[in-house]
Amino acid sequence: MCIRSLTLALCLFALAACDPPTIAQPEGSAGGGTFTLVYTYPKDQATGVPADSPIIAIFSEDVDQASLTGNLVVAKTGAAGVKGTITYDAADYQATVAPPGGGWSAMAEYKVTLKTGLKSKDGSKTLDQEYTVGFKTK
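Under our numbering, the sequence shown is numbered contiguously, ending at residue 1553.
Here it is as structure tokens:
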């Protein structure tokens, strides 16, 4: 019994002498990091995307919703920008672009651009780089 107690005491002493563990904060958290795009649907270069599919962009932190206008742009190849309806879910850091009333055009190529003018909710950061995602509808 004494040996077991002595072993336990030595282990606790050794643990106490160690540096405390460091917990890293995720990218874009309030403690620092960069403001990035972490997910898109459709993926870049996707083909066969249904014409009624929304475009989804998820960010590393909460977005200043006003900065989405003009900084999340959808364009059809060979045409001007396309007007979809942008909504934002702050709980998931997710921007969604619903297709225009008739949906995206069939067999068309689109480019989604997320510009560096996009800001974090507190305004302290802008998107770390411009992102472009291309897709083709079926």
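The beta carbon of each residue, even a glycine, is placed where N, CA and C say it ideally should be. Note that the structure is a prediction, hence the values are computed from the model and not measured.
CB contact flag (residue i, residue j, <8 Å)
i	j	result
I1473	V1497	no
D1467	G1518	yes
D1543	T1449	yes
V1548	T1455	yes
K1553	P1457	no
Own chain, CB closer than 7 Å to residue i, minus 5 neighbours either side, in chain order
i	result
V1489	I1470, G1496, V1497, G1499, V1512, Y1525, V1527
P1515	V1497, K1498, G1499
N1486	L1529, K1530, G1532, L1533
DSSP-derived helix/strand/coil call for residue i
i	result
F1450	coil
T1531	coil
K1526	strand
A1521	coil
K1540	coil
Y1503	strand
Same chain, Cβ closer than 6 Å to residue i, neighbours up to 5 away in sequence not counted
i	result
T1541	T1531, K1534
E1545	K1530, T1531
K1491	V1497, A1523, Y1525
Best match in the options for proximity to residue i [C-alpha to C-alpha]
i	options	result
S1520	S1539, L1529, F1550	F1550
V1478	T1552, K1536, Y1546	K1536
G1463	E1476, M1522, E1545	M1522
S1475	T1451, L1487, T1552	T1451
Contacts around residue i, its chain only, beta-carbon distance under 8 Å, and the 5 residues preceding and following it disregarded
i	result
Y1503	V1478, Q1480, L1483, Q1509, A1510, T1511
A1494	none
Q1460	G1549, F1550
G1538	D1479
D1507	I1473
Every unbroken beta strand (DSSP E) inside the region 1457-1499 [3 residues or more] | 1461-1464, 1470-1474, 1487-1491
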